[in-house]
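*Asks:* Residue numbers (UniProt numbering): 1 to 338. Glycine included, every Cβ here is placed at the ideal spot set by N, Cα and C.
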């Protein structure tokens, strides 16, 4: 199914042009987060976190040493181990950064102790300690952690078994509004991170230094050119006029079987119906709206809502189905062999 122009989905669309291809929203979110962070310290910090997690996950003795340091330096923490960064389990990636930040101080003391051990463990621990004990890393880690806390609820909701596409879009809009507020109050937001970095660096005995800067600027406004949607004000261009349905009408012409003027009239009646309702009475999903849409009164709108209600958000449900079928297949093979 992979790819926008090839694979099984292309074969299906060749037979049924109205069959839309939906990429997994969770995977799209992960790709957006990865490609949006093109700052070198952020990439390096993610690599250090991955290396440290792998270092402790490969040895029971190292993990026991970390647990001892957690008891000594973070006794109130509920975390007892680091979480590995997984390229496919996006919720776990957010948890990994949050856990790493919480265990940073005991982790530092553990690396210092393991750095005194002879052999490969000592050498590797010393290398990781040197990477962790840098103000650039601490700044980058706390920045990643602050955004992971924002995206974690969205990532968890995208893994639900039943999620309406409009509910998912509403959650994304909430995240965008939070990011917009952070950009508007960037000095206040960075002050919070800076105060926390100062506190952590004091515990790790790390000096806060100004990062190296280039002599002249060579890439002016590169972020604006590459990512225009990162600029506040470019997000909310959604219109609730009938013009938004013209393209939909053309695409689903065979299902609607009506002219643009007929759909326009029905849309205006549907819009007027909900314009008289209070905000708390408005349906939040396509399925809820469909339950308030009599087909004999709004036949075309009901058809569109029925189509929209079937739009998938993620591939979590089919992946769970594949896993269940694989389990049944294995059990069937065992019984057949017996």
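Would residue 197 pass as a contact of residue 112 if the rule is Cβ separation under 8 Å?
*Replies:* no
*Asks:* Following the continuous alpha helix (DSSP H) through residue 122, name the residue where it begins and the one where it ends.
*Replies:* 120-132
*Asks:* Tell me, to the nearest whole angstrom, how far the beta carbon of residue 62 is from that of residue 103; I am working on the premise that it is less than 8 Å.
*Replies:* Not really, about 13 Å apart at Cβ, beyond 8 Å.
*Asks:* How would you write the range of the alpha helix (DSSP H) that residue 15 sits in, first residue to last?
*Replies:* Residue 15 -> alpha helix (DSSP H) spans 8-15.
*Asks:* Rounded C-beta distance between residue 85 and residue 93? I'm assuming under 8 Å.
*Replies:* 5 Å
*Asks:* Would you grab the beta carbon distance between residue 105 and residue 155 for me? Rounded to a whole angstrom, and I think it's under 8 Å.
*Replies:* So it is not a contact: roughly 27 Å between Cβ atoms.
*Asks:* With DSSP collapsed to three states, give me the class of residue 254.
*Replies:* helix
*Asks:* Which same chain residues, not among the five before or five after residue 19, have their C-beta less than 7 Å away from its C-beta?
*Replies:* If we look at residue 19 and ignore the five residues flanking it on each side, its Cβ neighbours are 12, 13.
*Asks:* Out of curiosity, what's the CA-to-CA distance linking residue 179 and residue 185?
*Replies:* If I take the Cα positions, the gap works out to 10 Å.
*Asks:* Helix, strand or coil for residue 185 per DSSP?
*Replies:* coil
*Asks:* Do the stretch 265-280 and the stretch 292-300 make contact, defined as three or more Cβ pairs closer than 8 Å?
*Replies:* yes
*Asks:* For residue 100, which three-state DSSP category applies?
*Replies:* The answer is helix: DSSP assigns residue 100 an H, G or I state.
*Asks:* I'd like the ranges of any alpha helix (DSSP H) spanning at least 4 consecutive residues and lying wholly in the stretch 29-79.
*Replies:* 40-57, 60-73
*Asks:* For residue 143, which of 177, 32, 41 has the nearest alpha-carbon?
*Replies:* 41
*Asks:* Using three-state DSSP, classify residue 194 as helix, strand or coil.
*Replies:* The three-state reading of DSSP puts residue 194 in helix, counting H, G and I together.
*Asks:* Curious, which full-length alpha helix (DSSP H) runs of at least 4 residues does the stretch 138-190 contain?
*Replies:* 165-184
*Asks:* Using the rule of at least 16 other Cβ atoms within 10 Å of the residue's Cβ for burial, across every protein chain shown, is residue 134 buried or exposed?
*Replies:* buried
*Asks:* In or out: residue 35 buried (at least 16 other Cβ within 10 Å) or exposed?
*Replies:* exposed
*Asks:* Got a sec, what are the start and stop residues for the alpha helix (DSSP H) residue 284 sits in?
*Replies:* Premise fails: residue 284 is in no alpha helix (DSSP H) and is neither H nor E.
*Asks:* Would the beta-carbon of residue 108 fall within 8 Å of that of residue 145?
*Replies:* no
*Asks:* Determine the direct distance from the alpha carbon of residue 69 to that of residue 110, and round the result to whole angstroms.
*Replies:* Residue 69 has its alpha-carbon roughly 6 Å from the corresponding atom of residue 110.
*Asks:* For the alpha helix (DSSP H) that contains residue 294, what are its first and last residues?
*Replies:* Residue 294 -> no alpha helix (DSSP H), and no H or E assigned at all.
*Asks:* Using DSSP with H/G/I as helix, E/B as strand and the rest coil, what is residue 81?
*Replies:* coil
*Asks:* If you check the beta carbons only, do residue 309 and residue 164 fall under 8 Å apart?
*Replies:* yes
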